[in-house]
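Report on the structure given below.
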Amino acid sequence: MKRNYVKNCDYVAIFDADFQPEPDFLWRTIPFLVHNPELALVQARWKFVNSDECLMTRMQEMSLDYHFTVEQEVGSSTYAFFGFNGTAGVWRIGALNEAGGWKDRTTVEDMDLAVRASLKGWKFLYLGTLKVKNELPSTLKAYRYQQHRWSCGPANLFRKMFMEIITNKKVTLWKKVHVIYSFFLVRKIVAHIVTFIFYCVVLPATVLVPEVEVPKWGAVYIPSIVTILNAVGTPRSLHLLVFWILFENAMSLHRTKATFIGLLEAGRVNEWIVTEKLGDAFKAKAAKAPKKPRFKFGERLHLLELGTGAYLFFCGCYDLAFGKNHYFLYLYVQAIAFFIMGFGYIGTFVPYS
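Per UniProt numbering, the very first residue in the sequence shown carries number 1; after that it's consecutive.
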C-alpha cells in the first residue's frame, strides 16, 4: 500500500500466501464495488484443500463452515457488517484510507480495520458463492498459536474500541448494539468463557455437590440443539458431532486464557506467530523422512489441559460411585479429550531432522 502506483488504484485484493484464487476472482468481486459506492469490502468464502488431512482439520472445517454459512451471511444481509477475514477480500482503497488504514495495535488488524470502516458508515458484502482455496493448520502447535491470536486479539480490540463505538454518531443505535453485544461480547468473549466454565468446571462440580442440580434442558437439550445447528454448514461431518463437541470444549480452555490475556492486556497480548501451513513441500519431505521420526515431547505437553483432564476424570469416578445422573459417561470421554490435547496427540506430527 506504500508503493507509488497505489495512488492510481481504486481497489486492493488481499490474500494470504496459501490462498489460491481462481482467475475470475476480480471479475466476480470488483463489479459490486463499482456499482455500489457505499460498499467498502467484498469478502469471499474460504474453501479448504486439506480438510481431510486429519481429524483436527475436519473439526476446524466444521467450525469455519458455520462461521461463513451463518455468521458472515447473517452479518452481511442484516447489518451490512461482519469481521473482515484478513484474506480473500477486495477493499475500496478510499474506504481503507478513510478508516485510518492498517494499524498494528492488536493482532487482529483486519478486524480492527473492519470495525473502524463500519463506524465511518461503510457497508460490507459477503459472497458465499465465491470460494477461494486455502489450507488449514494441521499441527496442534500451529493451531494453538492461531487460536490464541484469534481469541486474544478480538478481546483486546474490544477493550480499545468500546468507548469509540459507544460515542460514534455515524451509525445507528441498532448497529452499535450488534457490534458490541453480538459481534464482540457474545461471539468473541462470552462464548469461550461460558463454554469452558459451564461444561468443564460447573457441570462436573455438580456431581460433587448433589444439592446443586442443573436442569436437563440446560445441560443436555439446549446444548444439543446449538451443536446440531453448528453442523449446518458441513452436513458431511454430521457423524463427527460428538468429536467436535469434545474438541471444542477442550480448546475452550486455551481460548478462555487467551481472551483474558486480551481483556487485561497481559503477557502475550501482542504475540504474533505466523500460522504454519505444511503444504506440498512438507509432503515431499515426509516421503524422504526416516521411518521413526523424532519429536520434542516437551513442546507437546500442555499442563493446563492435563490438569483439567485430571479434574474431569476425578469427577467422573465420583459420579460413577455416588451419582445418579450418569454424568460420568460425559466426564470420562471429555477427560480423555483433554488428556489427548494435553499430551499433544492430535493433528499432524512433524518429524524433526
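Cβ coordinates follow ideal geometry from the N, Cα and C atoms, glycine included.
Okay, do the segment 256-274 and the segment 72-81 touch, 3+ Cβ pairs below 8 Å being the bar?
-> no
Ordered along the chain, which non-local residues of its own chain (more than five positions away) have a Cβ less than 7 Å from that of Gly347?
-> The residue given as residue 347 occupies position 347 in the sequence shown. Around Gly347: Cys54, Met56, Ser138, Thr139, Leu140 and Tyr143.
How would you call Pro204, buried or exposed, if buried means at least 16 neighbouring beta carbons within 10 angstroms?
-> To locate residue 204, count along the sequence shown from 1; it is residue 204. The residue is buried, with at least 16 neighbouring Cβ atoms inside 10 Å.
To the nearest angstrom, how far is it from the Cα of Ser353 to the Cα of Phe343?
-> For the purposes of this step, residue 353 is taken as the residue at position 353 of the sequence shown. For the purposes of this step, residue 343 is taken as the residue at position 343 of the sequence shown. Confidence at Ser353 is low in this model, with a pLDDT of 39, below 50, so the placement of that residue is unreliable and no value is reported for it.
Could you give the distance in angstroms between the alpha-carbon of Arg58 and the alpha-carbon of Ile245?
-> In the sequence shown, counting from the first residue as 1, residue 58 sits at position 58. In the sequence shown, counting from the first residue as 1, residue 245 sits at position 245. Their Cα atoms are separated by approximately 12 Å.
Please name the residue in Met161, Phe349 and Thr308 whose C-alpha comes closest to that of Phe339.
-> To locate residue 339, count along the sequence shown from 1; it is residue 339. Residue Thr308 is the option with its Cα nearest to Phe339.
For my contact list, Cys152 and Ala258 are in at a C-beta cut-off of 8 Å; report their separation, rounded to the angstrom.
-> Position 152 of the sequence shown, counting from 1, holds the residue named residue 152. Position 258 of the sequence shown, counting from 1, holds the residue named residue 258. The pair is a contact, with the Cβ atoms about 4 Å apart (cut-off 8 Å).
Along the chain, which unbroken stretches of the beta strand (DSSP E) at least 3 residues long are found entirely within the segment 69-109?
-> 89-92
Own chain, CB closer than 7 Å to Ala99, minus 5 neighbours either side, in chain order = Position 99 of the sequence shown holds residue 99. Contacts found: Leu113, Arg116, Ala117 and Lys120.
In the DSSP assignment, find the alpha helix (DSSP H) that holds Gly316 and state where it starts and stops.
-> Sequence index remark: in the sequence shown, residue 316 carries index 316 (1-based). Run containing Gly316: Leu303 to Phe322, per the alpha helix (DSSP H) assignment.
Span of the beta strand (DSSP E), counted from its first residue to its last, around Ile14 | Locating residue 14 in the sequence shown gives position 14, counting from the first residue. Segment Tyr11 to Ile14, the beta strand (DSSP E) holding Ile14.
Run through DSSP, which three-state label would Thr195 get?
-> Translated into positions along the sequence shown, residue 195 becomes position 195. If DSSP states are grouped into helix, strand and coil, Thr195 belongs with the helices.
May I have the straight-line CA-CA distance separating Arg149 from Lys277, to the nearest angstrom?
-> Sequence index remark: in the sequence shown, residue 149 carries index 149 (1-based). Sequence index remark: in the sequence shown, residue 277 carries index 277 (1-based). Each residue's alpha carbon lies about 16 Å from the other.
Leu130 by DSSP, collapsed to three states: which one?
-> If you number the sequence shown from 1, residue 130 lands on position 130. Three-state result, Leu130: strand.
Use the C-beta contact count for Gly83: other C-beta atoms within 10 angstroms, 16 or more gives buried, fewer gives exposed.
-> As a working mapping, residue 83 is identified with position 83 in the sequence shown. By the 10 Å Cβ count, Gly83 comes out buried.
Could you tell me which residues DSSP puts in a beta bridge with Ala44?
-> Stepping through the sequence shown from its first residue, residue 44 is reached at position 44. DSSP lists Leu127 as partners of Ala44.
Would you mind sorting Phe124 into buried or exposed? The rule is 16 or more other CB atoms within 10 Å of its CB.
-> For the purposes of this step, residue 124 is taken as residue 124 along the sequence shown, with counting starting at 1. So Phe124 counts as buried.
Excluding sequence positions up to five away, which residues of its chain have a Cβ less than 6 Å from the Cβ of Trp91?
-> For this step, residue 91 is matched to residue 91 along the sequence shown. Here the set comprises Val12 and Leu41.
Where Ile14 and Gln72 are concerned, what is the direct C-alpha to C-alpha distance, given to the nearest angstrom?
-> Residue 14 sits at position 14 when you count from the first residue of the sequence shown. Residue 72 sits at position 72 when you count from the first residue of the sequence shown. Between Ile14 and Gln72, the C-alpha separation is close to 18 Å.
Could you tell me the boundaries of the alpha helix (DSSP H) in which Asp65 lies?
-> Looking up residue 65 in the sequence shown gives position 65. Leu55 to Tyr66 is the span of the alpha helix (DSSP H), which, as asked, contains Asp65.
Which value, in whole angstroms, describes the spacing of the CA atoms of Asp18 and Arg45?
-> Position 18 of the sequence shown, counted from the start, is the residue given in the question as residue 18. Position 45 of the sequence shown, counted from the start, is the residue given in the question as residue 45. One C-alpha to the other measures close to 14 Å.
Mind pulling the alpha helix (DSSP H) runs of 4 or more residues that sit fully within the segment 241-288?
-> 241-264 and 279-288
Provide the residue span of the alpha helix (DSSP H) that contains Tyr5, from first to last.
-> Numbered from 1 along the sequence shown, position 5 holds the residue referred to as residue 5. Counting along the chain, Tyr5 falls outside any alpha helix (DSSP H), and DSSP gives it neither H nor E.
Assuming Thr234 and Glu61 make a contact with CB atoms under 8 Å, what is their CB distance in whole Å?
-> On the sequence shown, residue 234 is found 234 positions in, with the first residue counted as 1. On the sequence shown, residue 61 is found 61 positions in, with the first residue counted as 1. Going by Cβ atoms, the distance from Thr234 to Glu61 rounds to 6 Å, so yes, they are a contact pair.
Should the segment 310-323 be regarded as contacting the segment 204-214, the criterion being three or more beta carbon pairs within less than 8 Å?
-> yes
What does DSSP give as the partner residues of Thr139 in its beta bridges?
-> Translated into positions along the sequence shown, residue 139 becomes position 139. DSSP output for Thr139 lists Gly347 as bridge partner(s).
Give me the Cα-Cα distance between Tyr126 and Asn85, rounded to the nearest whole angstrom.
-> The residue you call residue 126 lines up with position 126 of the sequence shown. The residue you call residue 85 lines up with position 85 of the sequence shown. C-alpha separation (whole angstroms): 11 Å.
Range of the contiguous alpha helix (DSSP H) that encloses Gln334 | Here residue 334 is taken as the residue at index 334 of the sequence shown, counted from 1. From DSSP, the alpha helix (DSSP H) with Gln334 extends over Phe328 to Gly342.
Determine the direct distance from the alpha carbon of Arg236 to that of Lys170, and round the result to whole angstroms.
-> As a first step, residue 170 must be located in the sequence shown, where it is residue number 170. As a first step, residue 236 must be located in the sequence shown, where it is residue number 236. When rounded, the distance between both Cα atoms is 43 Å.
Are the Cβ atoms of Leu312 and Gln334 separated by less than 8 Å?
-> The residue given as residue 312 occupies position 312 in the sequence shown. The residue given as residue 334 occupies position 334 in the sequence shown. Cβ distance < 8 Å, so Leu312 and Gln334 count as in contact.
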